[in-house]
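2 protein chains.
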Amino acid sequence: MSAARILVAQGGGPTAVINQSLAGVVLEARRYGQVERIYGARHGVRGVINEDFVDLAQETTLHLERVAATPASALGSTRDKPDLAYCQKMLAVLRAHAITHFFYIGGNDSSDTVRIVAEEAAKAGYPLRAIHIPKTIDNDLMGNDHTPGFPSAARFVMQAFAGANLDNAALPGVYVAVVMGRHAGFLTAASAAARTHPDDGPHLIYLPERVFHIETFLADVKAVYTRLGRCVVAVSEGIHDASGESIAARLASAVERDAHGNVQLSGTGALADLLCDEIKAKTGIKRVRGDTFGYLQRSFLGCVSDVDAREAREVAERAVQFALQGDRNGSVAIRRTGDYAIDIVLQPLEVVAARTRVMDDAFLAAAGNDVTPAFLDYLRPLLGSGLPQAARLRAVPVAKVLDRG
Amino acid sequence: MSAARILVAQGGGPTAVINQSLAGVVLEARRYGQVERIYGARHGVRGVINEDFVDLAQETTLHLERVAATPASALGSTRDKPDLAYCQKMLAVLRAHAITHFFYIGGNDSSDTVRIVAEEAAKAGYPLRAIHIPKTIDNDLMGNDHTPGFPSAARFVMQAFAGANLDNAALPGVYVAVVMGRHAGFLTAASAAARTHPDDGPHLIYLPERVFHIETFLADVKAVYTRLGRCVVAVSEGIHDASGESIAARLASAVERDAHGNVQLSGTGALADLLCDEIKAKTGIKRVRGDTFGYLQRSFLGCVSDVDAREAREVAERAVQFALQGDRNGSVAIRRTGDYAIDIVLQPLEVVAARTRVMDDAFLAAAGNDVTPAFLDYLRPLLGSGLPQAARLRAVPVAKVLDRG
Chain A
1 MSAARILVAQ GGGPTAVINQ SLAGVVLEAR RYGQVERIYG ARHGVRGVIN EDFVDLAQET
61 TLHLERVAAT PASALGSTRD KPDLAYCQKM LAVLRAHAIT HFFYIGGNDS SDTVRIVAEE
121 AAKAGYPLRA IHIPKTIDND LMGNDHTPGF PSAARFVMQA FAGANLDNAA LPGVYVAVVM
181 GRHAGFLTAA SAAARTHPDD GPHLIYLPER VFHIETFLAD VKAVYTRLGR CVVAVSEGIH
241 DASGESIAAR LASAVERDAH GNVQLSGTGA LADLLCDEIK AKTGIKRVRG DTFGYLQRSF
301 LGCVSDVDAR EAREVAERAV QFALQGDRNG SVAIRRTGDY AIDIVLQPLE VVAARTRVMD
361 DAFLAAAGND VTPAFLDYLR PLLGSGLPQA ARLRAVPVAK VLDRG
Chain B
1001 MSAARILVAQ GGGPTAVINQ SLAGVVLEAR RYGQVERIYG ARHGVRGVIN EDFVDLAQET
1061 TLHLERVAAT PASALGSTRD KPDLAYCQKM LAVLRAHAIT HFFYIGGNDS SDTVRIVAEE
1121 AAKAGYPLRA IHIPKTIDND LMGNDHTPGF PSAARFVMQA FAGANLDNAA LPGVYVAVVM
1181 GRHAGFLTAA SAAARTHPDD GPHLIYLPER VFHIETFLAD VKAVYTRLGR CVVAVSEGIH
1241 DASGESIAAR LASAVERDAH GNVQLSGTGA LADLLCDEIK AKTGIKRVRG DTFGYLQRSF
1301 LGCVSDVDAR EAREVAERAV QFALQGDRNG SVAIRRTGDY AIDIVLQPLE VVAARTRVMD
1361 DAFLAAAGND VTPAFLDYLR PLLGSGLPQA ARLRAVPVAK VLDRG
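So the protein lines, in turn, are chains A and B.
Going left to right, the first sequence walks through residues 1 to 405 as the numbering used here numbers them.
Going left to right, the second sequence walks through residues 1001 to 1405 as the numbering used here numbers them.
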């Protein structure tokens, strides 16, 4: 077999397990005698065009395992979305370093970059294998049952809402928490896993798969509050009106866009604050509090689904196998084959590249403010083992003495 | 010994371990033959005046242990701050139910309530023992080395900043996170425990014990960003200007105050957003993100310091012992007697009641934007065992081929 030189990079938003995939590439590649070099590009594709490489062969196995258990992209990441010229520049650098195999761990934008680079290499007659390794907390990659990174973020959201529900029961009022997810509501929907008892929150869940009507929202909140004396609400940052304009963007005084043309929805508490202001003004409810989970849901140190960690490792190991044993390009994907079992396949890059998966209608309750039991069946095996449990007092009442009314 | 009837309640903001104290009261009280009743008041002192009691003798031991491991006040809480008339009404209810021992788990406002109720009982010649059991994530009770609830919240803040630091290193920019703490900076200061390497964030820490100057803040951020290409900032929600006015309140369009006359600082992302806007406008740095940790830092399910859980249990067991064996009133307090060892004592209610402890000068760095090593020595034993660890790649650079400059 001819000599192989491997380059791996990480793109897009970090996750709790993206370094499992990095370790998976490096440790699997070490098994192949023909692999001469294992490089990492710092800060994704930007590190490629800048020739900013580190020698991953010099990392010890023990240390790689420690990095694997650490959240956030250890190589650094980037929001750059390469166009054709950028990809051609990348290819020139890959050739200069005689890279034969390129692995890019990322979301749908990253898979599109892999697609362009692979096409340019083929056009140029340069023998490059290019594989996209999936990751995204948004769970929005086509052709995947779910994506590495989502289960751990979902676990964080579940643990956050389970606690917030208890806090709200202790000091009743309305609590609104905004969860990441621009187009796909999976992560916000995961809040439903926080419920144990029928009156547990979140009592209302709003997802970007449905049009958000502020009047319906206020009526929903008021109805729950009237019934229970409190209300916990999960809202996706990507909720939008009938015209498709996001509720957050409509309210932001200065709209900031990244290199992909995306509006900045994260890193600001504006949406939660606005929704709370609306509730206070229109319902007369006094204790109304809002949180925005922000970066913690993807980076918090110490909240990992063991299922997610294992799968993130395996998709990367399989990526190396597909490339080095199978001599193939493509995008690695997780398919569910049992309850609970998965298979890891390689699909054409075109299936994933720059496309977005959203939640199936079967996962969305008809009323537009909740998920279905089918979604919980889908989600539960992903959350991993050892989930913390909340317990409430049985609370047997004592007869009144003074006030016998 | 004469018959005893016990009433326990929880007041103020919930914590991760306040139910350990509830379980501690109930399980310790079960050891005493003279205890005829163990009641819980729902929603703190409000449950007392409303005669809203539950019979805790009917909770199983196993179930109480599950509740103990659950965050947020299982009996419910309240923000009511009783005045004399309110306390007299409480006393009337206690007498009607022949309560002989009242335990109130709470912060400095709750200890003041215990003080008034105890005084009124003494004046009326009613034989009541009243004990305050400490809890607060703010760590601001006088006469305590630290308070139950703080260590677990500090652990959350540490894990949050450790992850946020990695995220910020992966996608560089400025990251500002706002942490709870109205007058005392302990919880914000705990962010310093997130650092492992010299260039780890938080790079700047602003506490309410020092006057906050926006110009100094901006210069600090710019200096760190120039040096490292990124900057992670921890800010207490209670930061204020030279006149004592809080930076958050100065900016809030509508100021909401609770029954204690406190401005609402939590449950809104306004402070983080404002500071980010200032940084963007005045420094020219483009990627600036803000988070407000909000209610998660006190209620997140599954982030507990085992040291904290143990101590929260023990202060309550000792409270019952002080009252039933010692026939004493007072406020239970934790004193540090070794590295690391504590003693649990009973101090006069007047020491704690309605007073606020802030950080010692020895814990604050001279520059006003960091803590000292002495604070980290103080904090570390409290965070508990099994803290997750972050690891970074050793990252040995590869020589450039194309760009040899």
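For each residue, glycine too, the CB sits at the ideal point set by N, CA and C.
The structure presented is a predicted model; accordingly, all values stated were derived computationally and were not measured.
**Request:** Can you say whether Arg1031(B) is buried or exposed, counting buried as having 16 or more other CB atoms within 10 angstroms of its CB?
**Result:** exposed
**Asked** In the stretch 194 to 240 of chain A, which residue ranges form an unbroken alpha helix (DSSP H) of at least 4 residues, counting only runs that do not cross its ends?
**Response** The qualifying runs are 214 to 228.
**Prompt:** Does DSSP classify Ile99(A) as helix, strand or coil?
**Reply:** Reduced to three states, the DSSP call for Ile99(A) is coil.
**Prompt:** Can you tell me whether DSSP reads Ser1111(B) as helix, strand or coil?
**Reply:** helix
**Request:** To the nearest angstrom, report how far apart His1203(B) and Leu1274(B) are at their CA atoms.
**Result:** 19 Å
**Request:** Please work out which residues of its chain come closer than 8 Å, Cβ to Cβ, to Phe1053(B), disregarding the five sequence neighbours upstream and downstream, and give them in chain order.
**Result:** Result list for Phe1053(B): Leu1007, Tyr1039, Gly1040, Ala1041, Arg1042, Gly1047 and His1097, in chain order.
**Asked** When we look at the beta-carbon of His1197(B) and count the other beta-carbons within 10 Å, is it buried (16 or more) or exposed?
**Response** exposed
**Asked** Between the C-alpha atoms of Gly1368(B) and Ala1162(B), what's the straight-line distance to the nearest angstrom?
**Response** 22 Å
**Prompt:** Any Cβ of chain A within less than 9 Å of the Cβ of His1203(B)?
**Reply:** So no, His1203(B) is outside the interface.
**Request:** Give the residues of chain B in contact with His97(A), contact being defined as C-beta atoms less than 7 Å apart.
**Result:** Val1401
**Item:** Three-way DSSP call (helix, strand, coil) for Val396(A) in this model
**Value:** coil
**Request:** Return the CA-CA distance between Thr1015(B) and Phe1150(B), expressed in angstroms with no decimal places.
**Result:** 8 Å
**Asked** Is DSSP giving Leu1364(B) helix, strand or coil here?
**Response** strand
**Request:** Taking Ser111(A) and Val352(A) to be in contact with their CB atoms under 8 Å, please state how far apart those CB atoms are, rounded to whole angstroms.
**Result:** 4 Å
**Prompt:** Grouping DSSP H, G and I as helix and E and B as strand, with all else coil, what is Val1304(B)?
**Reply:** Three-state result, Val1304(B): coil.
**Message:** Let me make sure I understand the geometry here. Which of Leu1271(B), Val1332(B), Gly1143(B) and Pro1373(B) has the alpha-carbon closest to that of Arg1357(B)?
**Reply:** Gly1143(B)
**Prompt:** Does the count of Cβ pairs from the stretch 1297 to 1309 of chain B and the stretch 1317 to 1330 of chain B closer than 8 Å reach three?
**Reply:** no
**Item:** Closest residue to Asp1291(B) among Asn1108(B), Val1176(B) and Val1045(B) (Cα-Cα distance)
**Value:** It is Val1176(B).
**Message:** Out of Tyr295(A), Ser331(A) and Ile285(A), which one is the CA nearest neighbour of Pro134(A)?
**Reply:** Ser331(A)
**Message:** Using beta carbons (cut-off 9 Å, strictly below), is Glu1311(B) in contact with chain A?
**Reply:** no
**Asked** Which of the three DSSP states, helix, strand or coil, is assigned to Asp1403(B)?
**Response** coil
**Prompt:** In angstroms, rounded to a whole number, what distance separates the CA positions of Phe1186(B) and Asn1139(B)?
**Reply:** 7 Å
**Asked** Looking only at DSSP bridge pairs, what is Val371(A) linked to?
**Response** DSSP lists Leu364(A) as the bridge partner or partners of Val371(A).
**Request:** Quick one: list the residues of chain B neighbouring Tyr295(A), beta-carbon separation under 9 Å, in chain order.
**Result:** Ala1160, Gly1163, Ala1164, Asp1167, Asn1168, Tyr1175, Ala1177, Arg1289 and Asp1291
**Request:** Residues of the stretch 1049 to 1060 of chain B with a CB closer than 7 Å to any CB of chain A: list them in chain order, please.
**Result:** Glu1051, Phe1053, Val1054, Asp1055, Gln1058 and Glu1059
**Item:** DSSP state of Asp291(A) mapped onto helix, strand, coil
**Value:** strand
**Asked** Among Ala362(A), Val304(A), Glu350(A) and Gly294(A), which residue has its Cα nearest to the Cα of Val178(A)?
**Response** Gly294(A)
**Item:** Within-9 Å CB hit, Thr1100(B) to chain A
**Value:** no
**Prompt:** Which residues bound the beta strand (DSSP E) around Ala72(A)?
**Reply:** Ala72(A) -> no beta strand (DSSP E), and no H or E assigned at all.
**Prompt:** Is Tyr104(A) near the ligand ADP, with its Cβ less than 8 Å from a heavy atom?
**Reply:** Here there are no bound small molecules, and the ligand ADP is not part of this structure.
**Request:** Kindly indicate if chain A contains any beta-carbon less than 9 Å away from that of Val1093(B).
**Result:** yes
**Message:** Looking at chain A, is there any beta carbon in it that lies within less than 9 Å of the beta carbon of Gly1107(B)?
**Reply:** no
**Prompt:** Roughly how many angstroms lie between the CA atoms of Ala362(A) and Leu379(A), to the nearest whole one?
**Reply:** Near 13 Å, if we compare the C-alpha coordinates of Leu379(A) and Ala362(A).
**Prompt:** Residues in the stretch 9 to 20 of chain A with C-beta within 7 Å of chain B's C-beta atoms, listed in sequence order?
**Reply:** Pro14
**Request:** Could you name the residues of the stretch 1126 to 1137 of chain B whose beta carbon sits closer than 8 Å to any beta carbon of chain A, in the order they occur along the chain?
**Result:** none
**Request:** Report the rounded CA-to-CA distance for Leu1075(B) versus Val26(A), giving the unit in angstroms.
**Result:** A straight line joining the alpha-carbon of Leu1075(B) with that of Val26(A) spans about 52 Å.
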